[in-house]
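Trainee: The numbers in the sequence shown follow the working numbering, run straight up by one, and end at 126.
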Amino acid sequence: MFKKFILAITVLVILFILSSCSNRAQNIKAAEQLHQKAWNLVEEQKYDDALGCFDRALELDPANGKIWFNKGNTFVYQKKYKEALECFDKAIALEPDNNYFKINREMISAYIAKDPNNTEKK
Numbered sequence: 005m006f007k008k009f010i011l012a013i014t015v016l017v018i019l020f021i022l023s024s025c026s027n028r029a030q031n032i033k034a035a036e037q038l039h040q041k042a043w044n045l046v047e048e049q050k051y052d053d054a055l056g057c058f059d060r061a062l063e064l065d066p067a068n069g070k071i072w073f074n075k076g077n078t079f080v081y082q083k084k085y086k087e088a089l090e091c092f093d094k095a096i097a098l099e100p101d102n103n104y105f106k107i108n109r110e111m112i113s114a115y116i117a118k119d120p121n122n123t124e125k126k
């Protein structure tokens, strides 16, 4: 009887894990679709709408450095440099070997430091 109980619990745990993996894969796919939609909105200069899509994508896949990076780029287009740097920092924390993220962050930091009209120096 006890062996059947353990077997039943094991099967339930395995089913739960498989279900979680399936949900995770669906979330990643949905996040990528929202990411693409957001970038299309950026290209149309609909920055606020794009940021909403980036936020929804990040709710589904908060560990996606590319989404954080492109959200940061959207803030750059809006000249919201502090918010951009925060997004770049999150992207770099998630993908510390991504030199493209680091270079972009440094370029924005240098721009902020040189712009006498910028009140967002960091």
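No residue lacks a Cβ here, since even glycine has one placed at the ideal position from N, Cα and C.
Applying the 10 Å Cβ sphere with the 16-neighbour rule, what's the burial state of N77?
Mentor: Buried, because 16 or more other Cβ atoms sit within 10 Å of the Cβ of N77.
Trainee: Would I112 and A97 qualify as a contact pair, given that the criterion is a beta-carbon distance under 8 Å?
Mentor: Cβ distance not < 8 Å, so I112 and A97 don't count as in contact.
Trainee: Where does A61 land, buried or exposed, given buried means 16+ other C-beta within 10 angstroms?
Mentor: Label assigned to A61: buried.
Trainee: What three-state label does DSSP hand A67 in the structure shown?
Mentor: It is coil, neither helix nor strand.
Trainee: Please state whether DSSP places N27 in a helix, a strand or coil.
Mentor: In the structure shown, N27 sits in a helix (DSSP, three-state: H, G or I).
Trainee: Hey, could you find the ends of the alpha helix (DSSP H) E110 is sitting in?
Mentor: Counting along the chain, the alpha helix (DSSP H) containing E110 begins and ends at 103-118.
Trainee: Specify the secondary structure class of K4 as computed by DSSP and reduced to three states.
Mentor: Outside the modelled stretch of the chain, which goes from 5 to 126, sits residue 4, for which no answer is possible.
Trainee: So what's E87 in DSSP terms, helix, strand or just coil?
Mentor: Residue state, collapsed to three classes: helix.
Trainee: Measuring only the C-alpha atoms, how far is A29 from A114?
Mentor: Cα to Cα, the separation comes out at about 38 Å.
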